[in-house]
Amino acid sequence: MVPKRIDELLDGGSLYWVIKGNIQCRQRLTDIRPFTDTDGIQRCHLVLEPRLVLTEWQPRRAFQGWRYLKENEIPADVTNGVKGRVALPVELRQELAALGLL
360 MVPKRIDELL DGGSLYWVIK GNIQCRQRLT DIRPFTDTDG IQRCHLVLEP RLVLTEWQPR
420 RAFQGWRYLK ENEIPADVTN GVKGRVALPV ELRQELAALG LL
């Protein structure tokens, strides 16, 4: 698969990681390198900034393929209070996120 909106993605776009049913972090995309595999299928290599940015947890079902988040769907980066949230047990964080409290 190759994304159709490469220019938009490389203009400040990020890959958001869905972990255990929640978007939990993101990585900035620095390059997308399309290629054709040995079966003739269009694919791409994603080049990501190595730094992970923690985000507000947002419930999201697992999926395959590209999903473009609308501006109002993008989870906010977590900058303050990270230590307190990370100290919460994972199950509690998941439950609070599902209730919209995180």
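All residue numbers for the sequence shown refer to the working numbering, where the first residue is 360 and numbers rise by one.
Yeah, the Cβ is synthetic: ideal placement off N, Cα and C, and Gly gets one too.
Only a predicted model underlies this, so the values are computations on that prediction, with no experimental measurement involved.
- Using a 10 angstroms sphere on the CB of W425, the tally of other CB atoms stays under 16, which defines it as exposed.
- Judged by DSSP in its simplified three-state form, I378 adopts strand.
- In the DSSP assignment, R402 falls within the beta strand (DSSP E) that extends over Q401 to L407.
- The beta carbon of E408 sits closer than 6 Å to those of Q386, R387 and T389, all from its chain and outside the five residues before and after it, given in chain order.
- A contact is defined here as three or more CB-CB pairs under 8 Å, and the stretch 411-428 meets this definition with respect to the stretch 370-383.
- N381 counts as buried, since no fewer than 16 other beta carbons sit within 10 angstroms of its beta carbon.
- In its chain, beyond the 5 residues on either side, L368, I391, C403 and W425 have a beta carbon closer than 8 Å to the beta carbon of P362.
- The beta carbon of S373 lies closer than 7 Å to those of R385, Q386, R387 and L388 in the same chain, with the five residues before and after it left out.
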